[in-house]
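Okay, so the sequence shown: first residue is -3 according to our numbering, each after it adds one. All C-beta atoms, glycine included, are put in the ideal place defined by N, C-alpha and C. A quick note: this is a predicted structure, and the numbers were derived from the prediction, not measured.
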Amino acid sequence: MHGYGAAWLAVRMLFRPHRPVKLLGLTIWPQGMIPRHRERLAQTIGNAVGNELVSQETVVHALFETDFFKRKVEGFVNSYTAELLNTSYPSFIDILPRAAREPVLDAISGLQYRIADYIVNVLKSEETAEAIYGFIDRRVEELLARRLNQTIEEETFEQIIGFVENRFRGLVNEAGFEEKVRDFVGGRLDELFQSQATLAEMFTPDTVALIKERIDRQIPPIVHQLADIATNMKTRTQIGALIKREVDEYYEQLSFFKKIFVSRDKIHREVDDMVNSTLPRRVEEFLRGEAFEQEAEHFLDSTIDNLLRRPINELVGQIAPDKLEAVKAQITVRILALARSPELETSVSAYATDALQRIKPHSLRALLEHASPDSAERLKNFLAKGLLNVLSREETARTVNAILSAQLERLLVVPIGRLSDHVPEESVR
């Protein structure tokens, strides 16, 4: 019993008390052996373990040169990641503590107002205008430097031609096309028939000169036709009959004594000789002569000039309403037949194909400059000003702010759910 008590006391004194017992500042019971020397014991044990049992090299080798540490880390990361990704999270509002919700929402509302003011100022700032002008200039220059056949694929050209053909076919065959043509023809004819303008005002001097030239070219064929008409047998017979009738009337008025010296038959023979031989030659010489041609040209030119100086409504005169409607209907039918003819459709397709083939090798800049030398600059200014006008409008700022507010509110109230639904598996790996 004495030995057991001594052993118990010795062991207890090794570990107890943990702290020294003091009374009025005086230590009446010191610490146990181990608590008093724990730092030295820990250092001694560490040195013994490190030097005698497990060296530093052994620990490093076990951790980093084997798969032990890697497996532990991978296992920890995989388990933590799986738990993190597969946990279903509520909305951002639900995650916040109740006490913090109102301050956070107030802060977000204030942030929205500051963002709205910032967006308005940015959209209307000089820096934004300069950035837009620079962006438009670069993009337009890049676009204009490219050739049309490099910008548009061959399939697109074919689609353009097909679109033109289908659009033209649909236009001329749509339900209201005939009515539009009829209204157009009727309106133009009514304006034309009531117009006080002259034909000279409608045609250019070159057009008038061309009309006169074309008409003057028809004088020789007309003269030839007139000569044939004037010298054929039927005409000569009619002329001879007229002259003989005049001779007979004149002969009947002569006195008896004069009739003795004047022979009617001889006069008739002379008339036949003149009509059959002299008259055709004289008529042909006159009609085919230069003087007649000049007179004819002068007469036709004067007639054309007089015609061009007269008002159109005076030339047309008063046309009966039924005849005017008939003229309008005939013109409308002719125009519709022409517009819906396969020949015109083929011509439109050929024209579109040829036009595209001719502009393919050219750059967009060359095409625009051909239309107008300063078209490139005007295009840049138009695009930049249009974009600036859109950005500087109050509606644009309100729209942007509304989109941001809606997205932010949606972010706050929509449940987050599992992170694995939002993060791709490849990114997790």
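Query - Phe378: first and last residue of the uninterrupted alpha helix (DSSP H) it sits in - result: Residue 378 sits at position 382 when you count from the first residue of the sequence shown. Ser371 to Ser388 is the span of the alpha helix (DSSP H), which, as asked, contains Phe378.
**Report entry** Val116 versus Arg406: straight-line alpha-carbon distance, rounded
**Finding:** The residue labelled residue 116 in the question sits at position 120 within the sequence shown. The residue labelled residue 406 in the question sits at position 410 within the sequence shown. If you take the alpha carbons of Val116 and Arg406, they lie about 23 Å apart.
Query raised in the report: With C-beta atoms as the reference, is Glu289 less than 9 Å away from Pro216?
Result: Residue mapping note: residue 289 aligns to position 293 of the sequence shown, counting from 1. Residue mapping note: residue 216 aligns to position 220 of the sequence shown, counting from 1. Taking a C-beta distance under 9 Å as the contact criterion, Glu289 and Pro216 qualify as a contact pair.
Report task. Could you have a look at Ser273 and say whether DSSP puts it in helix, strand or coil? Result -> Residue numbering aside, residue 273 sits at position 277 when the sequence shown is read from its first letter. Ser273 falls in the helix class under three-state DSSP.
Query raised in the report: Applying the criterion that 16 or more other CB atoms from any shown protein chain within 10 Å of the CB defines a buried residue, is Ala393 buried or exposed?
Result: Counting from 1 along the sequence shown, the entry for residue 393 is found at position 397. By the neighbour-count rule (16 or more Cβ atoms within 10 Å), Ala393 is buried.
Report task. State yes or no: is the C-beta of Ile327 within less than 9 Å of the C-beta of Leu185? Result -> Locating residue 327 in the sequence shown gives position 331, where the first residue counts as 1. Locating residue 185 in the sequence shown gives position 189, where the first residue counts as 1. Taking 9 Å as the Cβ cut-off, Ile327 and Leu185 qualify as a contacting pair.
Query - DSSP beta-bridge partners of Thr194 - result: Working through the sequence shown from its first residue, we reach residue 194 at position 198. Paired residue(s): Pro307.
Requested in this report: Could you tell me the distance, in whole angstroms, from the CA atom of Val181 to the CA atom of Ile331?
Outcome: Here residue 181 corresponds to residue number 185 of the sequence shown, with the count starting at 1. Here residue 331 corresponds to residue number 335 of the sequence shown, with the count starting at 1. Cα-Cα distance, rounded: 9 Å.
Query raised in the report: If you draw a straight line from the C-alpha of Lys262 to the C-alpha of Lys240, how long is it?
Result: Residue mapping note: residue 262 aligns to position 266 of the sequence shown, counting from 1. Residue mapping note: residue 240 aligns to position 244 of the sequence shown, counting from 1. For Lys262 and Lys240, the distance between alpha carbons rounds to 11 Å.
Query raised in the report: By how many angstroms is the C-alpha of Leu379 removed from the C-alpha of Leu140?
Result: By 1-based counting over the sequence shown, the position of residue 140 is 144. By 1-based counting over the sequence shown, the position of residue 379 is 383. Between Leu140 and Leu379, the C-alpha separation is close to 14 Å.
Query raised in the report: By Cβ distance below 8 Å, which residues in the same chain neighbour Ile235 in space, the five residues on each side in sequence not counted?
Result: Locating residue 235 in the sequence shown gives position 239, where the first residue counts as 1. Closer than 8 Å at the Cβ level, and outside the excluded window around Ile235, lie Val271 and Leu275.
Query raised in the report: Looking only at DSSP bridge pairs, what is Arg143 linked to?
Result: Numbered from its first residue, the sequence shown carries residue 143 at position 147. The partner list for Arg143 (beta bridge, DSSP) reads Ser359.
**Report entry** Collapsed DSSP secondary structure at Ser121 in the structure displayed
**Finding:** On the sequence shown, residue 121 is found 125 positions in, with the first residue counted as 1. The answer is coil: DSSP assigns Ser121 none of H, G, I, E or B.
Requested in this report: State the Cα-Cα distance for the pair Leu206 and Glu137, rounded to the nearest angstrom.
Outcome: By 1-based counting over the sequence shown, the position of residue 206 is 210. By 1-based counting over the sequence shown, the position of residue 137 is 141. If you take the alpha carbons of Leu206 and Glu137, they lie about 47 Å apart.
Query - Rounded C-alpha distance that separates Glu373 from Leu383 - result: Residue 373 sits at position 377 when you count from the first residue of the sequence shown. Residue 383 sits at position 387 when you count from the first residue of the sequence shown. In a straight line, the C-alpha of Glu373 is about 15 Å away from that of Leu383.
Query raised in the report: In its own chain, which residues sit with a C-beta less than 8 Å from the C-beta of Gln108, not counting the 5 before and 5 after it?
Result: By 1-based counting over the sequence shown, the position of residue 108 is 112. So the qualifying residues of the chain are Asn397, Leu400, Ser401 and Leu404.
Query raised in the report: How is Ser84 classed by DSSP in three states: helix, strand or coil?
Result: In the sequence shown, residue 84 corresponds to position 88, counting from 1. Three-state result, Ser84: strand.
Requested in this report: Take Gln214 as the anchor and find which of Asp297, Gln192 and Thr147 has the nearest alpha-carbon.
Outcome: Against the sequence shown, residue 214 aligns to sequence position 218. Nearest option by C-alpha distance: Asp297.
**Report entry** Below-9 Å beta-carbon distance, Arg210 vs any chain B residue
**Finding:** No chain B appears in this structure, which consists of one protein chain only.
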